[in-house]
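Enquirer: In this note's numbering, the protein residues as written are 61 to 260. Heads up, the beta-carbon is just placed ideally off N, CA and C, and yes, glycines get one too.
1) For residue 137 and chain C, any beta-carbon pair shorter than 8 Å?
2) Please say whether residue 117 and residue 133 have beta carbons closer to each other than 8 Å?
3) Which two residues bound the contiguous beta strand (DSSP E) that contains residue 172?
4) What are the start and end residues of each continuous beta strand (DSSP E) run of 3 or more residues lying completely inside the region 81-142, in chain order?
5) Contact check, residue 110 vs residue 213 under 8 Å by CB: the rounded distance?
6) Could you check where the beta strand (DSSP E) with residue 177 kicks off and where it finishes?
7) Look up residue 217 in the DSSP assignment and say whether it is helix, strand or coil.
8) I need the straight-line Cα distance from residue 112 to residue 171, nearest angstrom please.
9) Going along the chain, which residues of its own chain have a beta-carbon closer than 7 Å to the beta-carbon of residue 144, five neighbours each way excluded?
10) Span of the beta strand (DSSP E) holding residue 154?
11) For residue 183, count neighbouring C-beta atoms within 10 Å of its own C-beta (all shown protein chains included) and say buried if the count is 16 or more, exposed if not.
12) For the putative contact between residue 187 and residue 129, defined by C-beta atoms under 8 Å, what is the C-beta separation to the nearest angstrom?
13) Which one of 88, 104, 140 and 101 has the shortest CA to CA distance from residue 175?
14) Going by DSSP, which residues form a beta bridge with residue 182?
15) Which residues in the same chain as residue 164 place their Cβ atom closer than 7 Å to its Cβ, once the five residues preceding and following it in sequence are excluded?
16) Am I right that residue 90 and residue 206 are in contact with their C-beta atoms under 8 Å? What's the rounded C-beta distance?
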């Protein structure tokens with residue numbers, strides 16, 4: 061009975077510890093965010109996106125030694141994602157030199173194109189760490205941030221109600237357009253002209 065309990069405890073421990081895995085190594089630590097929500101452990105975001113719908117990817121890297129850190133977003137085929145804001149375009153590195161225990165945030169706002177509409181495709185983060193005086197990276201790795209399902213629908217940006225200015229909603233006081241002239245004024249003018257012509 062004790063042996064069964066011991067094996068049961070070991071199996072439960074293994075299952076629990078698999079979910080607590082973190083992106084921590086002897087080189088540093090990485091925290092991954094999708095739309096400002098941290099992805100715990102090795103979790104991957106699985107969003108359902110419309111064509112052109114923006115989302116954010118944020119990678120917070122902390123290094124334990126001085127390294128030149130390079131990071132980029134990658135895709136399986138060119139042209140399925142487009143960077144709206146960020147330190148680099150898709151598949152192009154952004155680089156920074158970090159001191160020991162220093163952190164840096166790589167952050168992009170990205171939107172899917174219609175290149176993979178109706179399908180699912182991953183978006184990855186590729187990074188490398190290079191020591192000072194050593195041209196070869198000590199770490200060169202990549203992981204999937206999100207496995208995106210792209211709809212065939214197009215994203216329509218919502219315009220806030222406060223975006224319209226008062227001048228767009230209210231007619232100008234010195235406006236002379238036909239929209240600002242009441243209909244009865246025109247009828248009265250026509251009626252007056254008709255009476256004048258009858259009197260003559």
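Expert: So, from the data block:
1) Protein chain content of the structure displayed is limited to a single chain, and chain C is not contained in it.
2) Taking the chain shown and counting its residues from 1, the one referred to as residue 133 is at position 73. Taking the chain shown and counting its residues from 1, the one referred to as residue 117 is at position 57. Cβ atoms of residue 133 and residue 117: closer than 8 Å.
3) Residue 172 sits at position 112 when you count from the first residue of the chain shown. Run containing residue 172: 163-172, per the beta strand (DSSP E) assignment.
4) 88-94, 108-111, 115-123 and 127-135
5) Taking the first residue of the chain shown as 1, we reach residue 110 at position 50. Taking the first residue of the chain shown as 1, we reach residue 213 at position 153. That belief holds up - the Cβ atoms of residue 110 and residue 213 are roughly 5 Å apart, short of 8 Å.
6) For the purposes of this step, residue 177 is identified with residue 117 of the chain shown, where counting begins at 1. Looking at the DSSP string, residue 177 is not in any beta strand (DSSP E), and its letter there is neither H nor E.
7) Here residue 217 is taken as the residue at index 157 of the chain shown, counted from 1. Looking at residue 217 - three-state DSSP - the assignment turns out to be coil, as it is neither helix nor strand.
8) If you number the chain shown from 1, residue 112 lands on position 52. If you number the chain shown from 1, residue 171 lands on position 111. So the two alpha carbons sit approximately 5 Å from each other.
9) In the chain shown, counting from the first residue as 1, residue 144 sits at position 84. Cβ within range, chain order: 114, 169, 170 and 171.
10) Position 94 of the chain shown, counted from the first residue, corresponds to residue 154. Residues 154-158.
11) Here residue 183 is taken as the residue at index 123 of the chain shown, counted from 1. Looking at its Cβ environment, which holds 16 or more other Cβ atoms inside 10 Å, residue 183 is buried.
12) Indexing the chain shown from 1 puts residue 187 at position 127. Indexing the chain shown from 1 puts residue 129 at position 69. With 8 Å as the limit, residue 187 and residue 129 qualify as a contact, their Cβ atoms being about 7 Å apart.
13) Residue 175 sits at position 115 when you count from the first residue of the chain shown. With distances taken between Cα atoms, residue 175 lies closest to 140.
14) As a first step, residue 182 is located in the chain shown; it is residue number 122 there, counting from the start. DSSP, once it has assigned bridges, lists 207 as partnering residue 182.
15) In the chain shown, residue 164 corresponds to position 104, counting from 1. Cβ neighbours of residue 164 beyond the five flanking positions: 121, 129, 156 and 158.
16) The residue you call residue 90 lines up with position 30 of the chain shown. The residue you call residue 206 lines up with position 146 of the chain shown. Their Cβ separation, rounded to whole angstroms, is 15 Å, which puts residue 90 and residue 206 out of contact at 8 Å.
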